[in-house]
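Be aware that the sequence shown starts at 1, since it is given in the numbering used here, and climbs by one per residue.
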Amino acid sequence: MPSRPSLLYVSNLAYPARGRRYCDEDIHLTADLRQHFDLAICHPEDAAALMRAHDVVVVRNSGPISDYAPAYHHFRDQAEATGQRVYNPLTGKGDMAGKQYLVDLTTAGFPVIPTVDDPNHLDRLPPAAEYVVKPKAGADSHGLEFVPENDLRRVLAEKAGDDLLVQPKIDFEYEVSFYFVDHDFQYALNAPDPARRWELVPYEASRADLEFAQRFIDWNTLDHGIQRVDACRTRQGDLLLVELEDLNPYLSLDRTPEVTRTRFVEAMAASIRRSLG
């Protein structure tokens, strides 16, 4: 491996994320990573054409795959065919592979918001006044719909043939996110106001919180990469998984202290180097 590996950093700098500025995070993160790597930035639709000139492709704030699905699947096919190293590796079982994992984890008894993908299995969900219906391949709340209990079967019948997930709408106190590099916890942030998802503040995770989050990181079995475990705290005090983001999790680094950001970049750089072997 060269002393300064070449890194192709994939980001959609113009993606209009609600409550976040992807471009700011990636501008600052790439500025820091340039201390460790020769680095170029590209749009996700250009990654397949440019990746062969680089030792590793780092997929960061590239936006929902649904916005460029043909290019993404072409990129995956080319990377697998040529042995191109990608960070995160393309073997993730979380959002990288769609949201089937929410159904699988529900069936396996993990602490996750109960989820089904078959209208015939609605009886497996706890009763609720409202339900969440969303595309299995969705991201960033695209296509998400809140449906009253008495309209649920009608809505699902109208959407028959769509690949959907159904969940009860959870009454929760707040959301909290745990950020990992490889299998190592880095920091946690929470949104004290449920109506303001991206107004985050540092969160002191308890031992029980970290055991909760680590369980999903261990389940995913990614050797290298960045993962974000999103959870909600129920009114009963339990944590339930909302998402396991292992494709391109936004990091909210601007909400962390400088010492945390510095430590994160060092951990990420070391992880990328390890992934190169």
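Virtual Cβ for every residue (Gly too), placed ideally from N, Cα, C. This one's a predicted model, so the numbers in the text were calculated from it and none came from an experiment.
Would you call the CB atoms of residue i and residue j closer than 8 Å?
i	j	result
I113	I170	yes
A97	A71	no
E80	Y250	no
R60	D38	no
Y9	V58	yes
S62	S11	yes
V181	M268	yes
R85	S275	yes
G92	N248	no
P194	F172	yes
T277	Y87	Note that residue 277 corresponds to Gly in the displayed sequence, not to Thr. No; because the gap between Cβ atoms is not below 8 Å, this pair is not in contact.
L164	K136	yes
F212	P148	no
Would you tell me roughly how many angstroms separate the C-alpha atoms of residue i and residue j, rounded to the nearest one?
i	j	result
G19	S252	11 Å
G109	H121	16 Å
A329	D117	Limits of the chain in this structure are 1 at one end and 277 at the other, which puts residue 329 out of reach.
H36	L50	20 Å
V229	E45	27 Å
P89	R153	39 Å
D104	G94	11 Å
D151	E158	11 Å
S206	A231	14 Å
L33	V265	7 Å
L189	V176	6 Å
Y15	W198	16 Å
R215	T107	16 Å
F133	P127	Looking at the sequence shown, residue 133 is not Phe but Val. Distance between the alpha carbons of V133 and P127 is about 15 Å.
T256	Y203	10 Å
L240	Y174	11 Å
V56	E258	27 Å
D223	S271	9 Å
R261	D238	29 Å
Y22	L13	6 Å
K99	A40	31 Å
P119	L244	24 Å
L125	A191	26 Å
T115	D254	32 Å
P83	H183	Contrary to the premise, residue 83 reads as Gly rather than Pro in this sequence. Whole-angstrom Cα-Cα distance: 24 Å.
T234	D123	21 Å
A208	Q227	19 Å
L102	R263	31 Å
F68	R196	Reading off the sequence, residue 68 comes out as Tyr, not Phe. When rounded, the distance between both Cα atoms is 28 Å.
G143	P168	16 Å
C42	V242	30 Å
L29	A160	43 Å
Report the partner residues of residue i according to the DSSP bridge assignment.
i	result
Q167	V132
D230	S177 and E243
S3	Paired residues: none, contrary to the question.
D9	It should be noted that the sequence gives Tyr, not Asp, for residue 9. Answer is I41 and V58, bridged to Y9.
Taking all protein chains shown into account, do 16 or more other C-beta atoms lie within 10 angstroms of the C-beta of residue i, making it buried, or fewer, making it exposed?
i	result
H54	buried
H73	exposed
F146	exposed
I27	exposed
P64	buried
A31	exposed
S6	exposed
Q186	buried
P236	One detail in the question is off: residue 236 reads as Gln in this sequence, not Pro. Exposed.
D246	buried
D162	exposed
V201	exposed
In chain order, which continuous runs of the alpha helix (DSSP H) of length 4 or greater are located wholly inside the stretch 146 to 215? 152 to 158
Can you list the beta strand (DSSP E) stretches of 3 or more residues lying completely in the stretch 77 to 121, in chain order? 85 to 87
Only counting runs of 3 or more residues, tell me where the beta strand (DSSP E) segments fall wholly within the stretch 32 to 83, in order along the chain. 38 to 42 and 56 to 59
Enumerated in chain order, which unbroken segments of the alpha helix (DSSP H) with a length of 4 residues or greater are wholly contained in the stretch 238 to 276? 258 to 276
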